[in-house]
Every structure is written in C-alpha cells, then in structure tokens.
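J.: Would you mind keeping the following structure in view while I ask a few things?
There are 2 protein chains.
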Amino acid sequence: MTTARPTLADVAAEAGVSVALVSIVMRDAPGASAATRERVLEVARRLDYQPDSRARLLRSGHSRLLGVVFGVQHPFHADMLTGLYAAAAQVGYELTLSAMTPGRDERTAIGSLLQDRCAALVLLGPQLPAAELGALADRMPVVSMMRGVRHKAVDVIRTDDVRGEHLAVDHLVELGHRKIAHVDGGRRMIASADRRQGYRDAMKGHGLEAYARVVSGGFLEEDGAKAARELLDDPPTAVTTFNDMSATGLLDVLLRGGLSVPSDISVVGYDDSSFSRLAHIDLTTVAQDIETLTTLAVARAVERIEGAPVVHREVVIPPRLVVRGTTTIPSPSR
Amino acid sequence: MTTARPTLADVAAEAGVSVALVSIVMRDAPGASAATRERVLEVARRLDYQPDSRARLLRSGHSRLLGVVFGVQHPFHADMLTGLYAAAAQVGYELTLSAMTPGRDERTAIGSLLQDRCAALVLLGPQLPAAELGALADRMPVVSMMRGVRHKAVDVIRTDDVRGEHLAVDHLVELGHRKIAHVDGGRRMIASADRRQGYRDAMKGHGLEAYARVVSGGFLEEDGAKAARELLDDPPTAVTTFNDMSATGLLDVLLRGGLSVPSDISVVGYDDSSFSRLAHIDLTTVAQDIETLTTLAVARAVERIEGAPVVHREVVIPPRLVVRGTTTIPSPSR
DNA sequence: GACACCGCCTAGAACGTTCTAGAGTCGATC
DNA sequence: GATCGACTCTAGAACGTTCTAGGCGGTGTC
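Protein chains in written order, with my numbering: chain A, 10 to 343; chain B, 10 to 343.
Shown next, in the form of structure tokens:
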C-alpha cells in the first residue's frame, strides 16, 4: 500500500547523474549547469521526490529549525504562532511546535523538541524555574518570550509590563476613576510581578495608594472569576487584570452579580488576544506588539545560532493601550 | 558556547562499552545485563545524553510519529490537540504539529510534515480538494477529522453533523420556536453542507419548511457578523450557526442591533469550543465528543501504519447538545 | 606547449542511530 | 570433555542526506 518514498538515489538513477549532483540541484547550490538542473528538477517532480529533512539535518549539523513551545490554553499564543511562522519564513528558518496542554507539561514539551535537535528554543511565557531555563540555555540558544528570566544565558524578548499597567491605570484615572483594583497573575510568573508593580507604581504616582487593592488571580478564566467573587463584597469602580482570559472570567461574574460593564464598573485586560476583539466581549486591553515581538525573537534566535554578537540580552517592547467597550467614566452614584 | 551534544559514541566511550550496547540500553531492548544497564544509564544521565530522534527515525524506518495539521484560528482545534496528545501518548506515539495561519496555507503545512517523514497525517478539518487528499493518501495513511472525504484511501473520523443540526433544531422547536434560520459555513466545506442539510431535514420534519431560511456564512467571527446584519432586516426568533466562532460574531451584531439574547432571539452554536463555555458568552451549542474523536483518529492512524485491517473507513460519532444561556422560549410578542 | 584555472560533475566519507550477524563466556547436558 | 544453548556483548553495514576532495574537459596566459 504505502510504497517507499523516492530518495535522492532514485532521482539520480532516473536522471542518469550522481546522487551528489541531485543534492546540489535540490539545494539550489552552485555547481550544476542550467541544462542538467532543469532535467533533474523535471525527474524529481515526476517522481514526486520529497527531501528527507531528518537525513538532511543529521548530515548538515546546523538545522535552520526553531523549536517553539506554546500553550494550547492561551489564545494569545495562537496569535504569536502566526507571527513566528511569518518571521521564521522571512529568514529561511523552519518552526517545529510542541504544545503544552492540561495533560502535557512544559518539561515534556521541551524534551520532545530537544530530541528533534532544533537549533534553538523559543518559549512562550515559560513557567519553569530560571535555574532550569539557564541550564538549558547553557547548551543551546533559548529565547524566553513575554517573561523575564534572571540568567545570563537566556535571551528575553518581552513587553514592558510595568509600563503596560501604567497605561491601563492612567487611562482609568483619566476617565475619573480612583477606586481601581488589580487582579494579578499569581505568584509564579515574573510578568505577573511586573504588572502588579506597574499597577502599584501608577496608583502611587496618581496619589491613589489608599485606593489600591490587589487580588490574587492567575491566567485562566476561572482565576478571574474567583477574584471577581472576592471583589463583589466591596466593588471598585474599575479593575485591571493580568490578562484577557482572566478578564473574561471576571466580567462574567460581575455581570451575573448584577453589575453592568462599563457603566457600573470598568475592566481592562491585557494581551489583546484575538477573542478580546470579539465584538461582544469588546475588551479594553493592553496590546502587545506581536509583529515586533515575534520578529525580534526569531532574529535573536538566529543571531545566537549563527554566532552573531548580541547587544542586549533582554529586549523590552513598549505596549499600547487599545480602548474598547469595557471602560468609561465612573458612574456618578459611586 | 553551545558545545556539541553527546552522542551514543560518547556515552559508549565513557562507559567502556560498544555503541550498539548503549543503543540497546537506551531503547530498553533485551540483550544487556542488569549491571551494565545500570552503569550505562548512570553515564548517560551524567553526560545528559539525549537521543537524536532524527538519526533514530532515519535508521529505523518506522517513525511512531503522527503529523497533525491544525488551524491557529480555530479555538476548537486547540481542544482537539489536547485530546490527540493524550491519545498518542497512550499508544506510544509522538505528535509533530504544523499550523495553518492566515499567512501559511494548508498545502504548506502538509508539505513541512511530509519532509519530517511522519508515518501518518491527521488533518483537522482539511479544506483541500478531495482529489488532492486522495493523492496524498495513496502514499501514506491520512486521517481527516471533522470532514468527510469522498475518496477510498482517506480515513474519516467525524461527528454526525446532520444529526447535530437536528439536535439544535429539535431543541429550538421544543422551546416553541418556528421561525428558525441557519447561518451556514460557506460552500467549501462538506461539514457545512451536512449541517445545512441537517437543518433543512429537521425543519421539514417539523413541518416548518415555510420558515426555513439559510444565510451564507463561514467559520470566522466576521462571517457570523455579516450574516447577522443580513438577518436584521427580518429577524427570526432563533438561529443556528455553523460553529461557535460564527455564533459569537452573530451574537455581537444582534446585541448591537438592539436585540437581546436569548429573550428576543435564541442562538445555537456548534463545537462546544472552550471559549463558548466562557461564562459571559455562555453559548448553547452542539458538542463534538473530543475524547472519542481523538482516540479513534489516533487508533486509526496506528492501524494503518501497522498494517492492521480496517473495518470502516469512515467513523461517525454522535453529537451531543449542550444547553446554556443563549436559548429560551420565544418572546410572546414575536 | 606547459601550466593554471574554471565550470561541471562524481566518489566516498560522514552524521548518529538501529539492525544483522556473529563472537565469546559460562554452565548444563550428554 | 565435547556440544549445546542462553546470555552478553561487539563489529560493521545501513538509513538518506551533505560535504570534501578530486577528476575531467576546455579555455586562457605566458
């Protein structure tokens, strides 16, 4: 049934040339005349020859392959993948993906990439301890996206999260809010700490320390929902959240709790995930610049692979506020 | 900086045994004493040896590797990936992913998997013409999920979509609706045709042909939104949509158009994507049984790879209606 | 006319693994 | 004490590719 795939040798035999020459033609490398090039390509097409990337990589050491770990539960990661594919294609690299799912942890995901011998690792919001990432980075280039890592070998491309929360708070204050709460992303992630810090700084900068309130949350919808229940006893007039997922969970509980958004309470998310654009979520949120983030991440990985000098280990991109329908001036009655 | 990865030869030299023996130990194959096994493993651990899956697959022909094509724009596919990983792990297979993005089409995605020499292809809702899929399937096992393919070589694991729309319509009719519209998935997908057919059948079965109305849509949010604008001139009391994404787009336009859901108009989606569970979308929808679909798909791929006899080329799973907050009895005024 | 050079091509090794065939050792059986 | 089988181990080929080194004509230079 499944007949063996044709190899370089098959094409070579059919075209009456050597294996090496076919290899040259397939790689578009110099060393073949236009005439034979044409003939070989014709045969390859006819036999439906597909190069075997395994053998190719095995022999040629350098792999032009970037391993990407993403989380299936993070809608935002889907947007990042789109950007990464585009950026990689731009510089002639391939991507190989490994997903984290509820039943497949980050260590497993990374392990499978290591066996694939990709040339570098791009991790979307890694949760592993810095020491572990560092150990990995001592053996191959590792780019951490959207999370700072305090280890000299790990490259970081991320958004300025402190600034991001500043934007969110500034926006709310400008609208007239004072009683603004923040639902953080839990204690595991540095991004969470940064955003929390940004919130605190901004509140302080506006002289609103007295109104500051941080509720412990997480990155999932249910985390936002839980935080919302906690807030309902003494609702603020506005909330900023760690991310859009958490914000939607929060929104839901607020709505069911009888508050209307944004007239009773304003909500700001983070990430500008594609679903936050969904018109009837219509979430005001802090956008990360996906194109810049992904382009830089790929560029950095390639620099490391090809041994180019790297200037800044950590690159921090400014965020941008996207105002949609979940924020407005505070209700006069409150 | 990046020092060369240790190979079998390194481990063998360090442990004072042959390369072949180390291979035996690493594969947990018979032919090594407990004592050496222990010693070799210790050395491997110390050197942090990682088997090179490329070389391994290259040599051993059979790859225990399933190539999966998924769409980054389909939140439902993320749920499927989770199931596929679990099912594959269960039977000792690996997954290699290739994503379709707005800038990376299905042909490209499949092409990269072919180069990886995976043993079979699992395609989530493929859009390619049946002839093309068939040609592919003549060379290697191909499992199409959630889409029927009329070609004898392509295996199909899908939900009974005709039945699914029946469930949706039955539910609405039971609530008292008569003027029920359907927003389809466009003309490219067979699943779309099936669901449209299911809708028509069901309407007819209830003697409601006169009320039937099909609006052309698609699988994206904007397709649902567009359809909604079309419906607004003469709104039905209920709508079923091709999928959840389309339903959310539709919901949004309806809400902005001044209709409230579900009191003015009921909406039923399709897929039970994780976001449809988001409390404040809270969509009534037709669920596909992810665990069964993924388990069967992996089992089928493995059967084909290992040459086991296959009984039914196409397996059709019953859907299940999940009633949430977007459906209720029709408003008496309409 | 010898030499160098260039463009086109090929032979054969190498990548890291698995597989096949067989070598060596030991204890048991005849 | 030879033969056998079971067990442990090893040498070397093979997988499909790329890379290195070189061969073979032809053209140009001195």
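Ideal placement from N, C-alpha and C gives every residue a C-beta, glycine not left out.
Considering only C-alpha positions, which residue in the set G258(A), R156(A), I166(A) is nearest to L292(A)?
T.: If we check each option's Cα against that of L292(A), G258(A) comes out closest.
J.: Please name the residue in L287(B), D242(B), V277(B) whose C-alpha comes closest to that of L264(A).
T.: Nearest C-alpha to L264(A): L287(B).
J.: Indicate whether the contact test is met: 3 or more Cβ pairs, each with one atom in the segment 126-140 of chain A and one in the segment 171-178 of chain A, closer than 8 Å.
T.: no
J.: Report yes if the C-beta distance between R159(A) and A146(A) is below 7 Å; otherwise report no.
T.: No, Cβ-Cβ distance for R159(A) and A146(A) is not below 7 Å.
J.: By Cβ distance, which residues of its chain are closer than 7 Å to G227(A), with the 5 residues on each side in sequence left out?
T.: G194, G195, S255
J.: Considering only residues of the same chain and omitting the five flanking positions on each side of A234(B), which have a CB-CB separation below 7 Å?
T.: G258, L259, D261, V262
J.: Between the segment 106-122 of chain B and chain A, which residues of the former have CB atoms less than 7 Å from a CB of the latter, in chain order?
T.: L106, A108, T110, P111, G112, R113, S121
J.: Compile a chain-ordered list of the residues in the segment 45-67 of chain A whose CB is closer than 7 Å to at least one CB of chain B.
T.: Q59, P60, D61, S62, R63, A64, L66, L67
J.: In chain order, what residues of the same chain lie with their CB nearer than 6 Å to the CB of I199(B), ignoring the 5 residues before and after it?
T.: R156, G157
J.: Would you check if the distance between the CB atom of A128(B) and the CB atom of L93(B) is smaller than 7 Å?
T.: no
J.: Determine the direct distance from the alpha carbon of E51(B) to that of M109(B), and round the result to whole angstroms.
T.: Between the alpha carbons of M109(B) and E51(B) lies a gap of roughly 42 Å.
J.: So V81(A) contacts chain B; which residues on that side make the cut at Cβ distance below 7 Å?
T.: Those are A87, L90, T91, listed as they occur along chain B.
J.: For E312(B), which residues of its own chain have a beta-carbon under 6 Å away from its beta-carbon, when the five flanking residues on both sides are left out?
T.: Residues V319 of the same chain have their beta carbon placed closer than 6 Å to that of E312(B), with the five preceding and five following residues left out of the count.
J.: Helix, strand or coil for G207(A), going by three-state DSSP, please let me know.
T.: The answer is helix: DSSP assigns G207(A) an H, G or I state.
J.: Check the Cβ of R126(B) against every Cβ in chain A and list those closer than 7 Å, keeping chain order.
T.: D61, R63
J.: Please classify Q297(A) as buried or exposed, where buried requires at least 16 other C-beta atoms within 10 Å of its C-beta.
T.: When all chains shown are included, Q297(A) counts as buried.
J.: Nearest-angstrom Cα distance between D19(B) and V248(A)?
T.: 57 Å
J.: Which residues bound the beta strand (DSSP E) around E315(A)?
T.: First-last for E315(A): undefined, no H or E at that position.
J.: With a Cβ-Cβ cutoff of 7 Å, do V301(A) and D281(A) count as a contact?
T.: A small correction: the amino acid at residue 301(A) is Thr; Val does not occupy that position in the sequence shown. No.
J.: Let's test the definition: count the other Cβ atoms within 10 Å of the Cβ of E218(A) and tell me whether it reaches 16, buried, or not, exposed.
T.: exposed
J.: Taking all protein chains shown into account, do 16 or more other C-beta atoms lie within 10 angstroms of the C-beta of E323(B), making it buried, or fewer, making it exposed?
T.: Counting Cβ neighbours within 10 Å, E323(B) comes out exposed, since fewer than 16 surround it.
J.: Are there 16 or more other CB atoms within 10 angstroms of the CB of A43(B), so buried, or fewer, so exposed?
T.: exposed
J.: When DSSP builds the beta bridges, which residues end up paired with L56(B)?
T.: L56(B) pairs with nothing; no bridge assigned.
J.: What three-state label does DSSP hand I326(B) in the structure shown?
T.: strand
J.: Among the residues of its own chain, which have a CB less than 6 Å from the CB of K417(A), if the five just before and after it don't count?
T.: Nothing can be reported for residue 417(A), as the shown portion of chain A is limited to 10 through 343.
J.: Quick check: what's the CA-CA separation for Q59(A) versus L181(B)?
T.: 51 Å
J.: Just to confirm my understanding: we take S153(A), look at its own chain, exclude 5 residues before and 5 after, and list those with CB closer than 6 Å. What are they?
T.: L132, P135, V163, V165
J.: Where does the unbroken beta strand (DSSP E) through H191(A) begin, and where does it stop?
T.: 189-192 is the extent of the beta strand (DSSP E) around H191(A).
J.: Beta carbon of V81(B), beta carbon of A87(A): below 7 Å?
T.: yes
J.: In the DSSP output, what is A129(B) paired with across the bridge?
T.: L75(B)
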